[in-house]
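Structure first, commentary second.
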Amino acid sequence: MPYKLNCFIPFFFILIVLLMTGCSANSSQTDSNKERGLNISKVHTNKPIDQMAANQAKNKLMNQDEVADVKAVNSNKELLVAIKVENFDRLRLKKIEKKSQTELEDMFPDYKVLVSTDQKIFIELEQLEQELEKDHTKMDSLNRDFKRIKALLNEKT
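Residue numbers for the sequence shown, in mature numbering (1 follows the signal peptide of the UniProt record, and there is no 0): -25 to -1, 1 to 132.
In structure tokens:
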């Protein structure tokens, strides 16, 4: 009898540990972006390249349910935005892109807004954001990168 009891003690201990860890999940996350596992990277620079419009555009678009991630960079008068869309919503890419474009044009009437759901543009803007965060980009370099990314936007694949 004591042998059988000694066999069940480790299993009982493991069961208690599993129950405690499962029941102690952090349920205080009320932010919808955190619930969906999304994170927005704000681009801050010490240089005169202000990314306030890009950060506001990211916040606006992340509130849409079909948007999984957003990358955005702005220059003086242009705003480039790349959207990563949830898997099922990829069937409506053009509609989501057009909706996002009109929302951002209404929000930023002084900027020329370009929105894309292309993965290639998303990766390019992600790299440009990282360069801006490291303060390795000057205004003329930013404009050159903008022209290169806009050429990729116009490229037909």
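Idealized CB from N, CA, C, for every residue including glycine.
Quantities reported herein were computed from a predicted structural model and do not represent experimental measurements.
Secondary structure note for asparagine 38: it is in no alpha helix (DSSP H), with a DSSP letter that is neither H nor E. Nearest to leucine 89 by alpha-carbon distance, out of Glu108, Gln102, Ile(-12) and Lys122, is Lys122. Shown here, asparagine 30 sits in a helix according to DSSP, grouped into three states. The distance from the Cβ of alanine 32 to that of leucine 54 is about 6 Å, consistent with a contact at the 8 Å cut-off. Counting the other Cβ atoms within 10 Å of the Cβ of isoleucine 71 gives 16 or more, which makes it buried. Lysine 46 counts as buried, since no fewer than 16 other beta carbons sit within 10 angstroms of its beta carbon.
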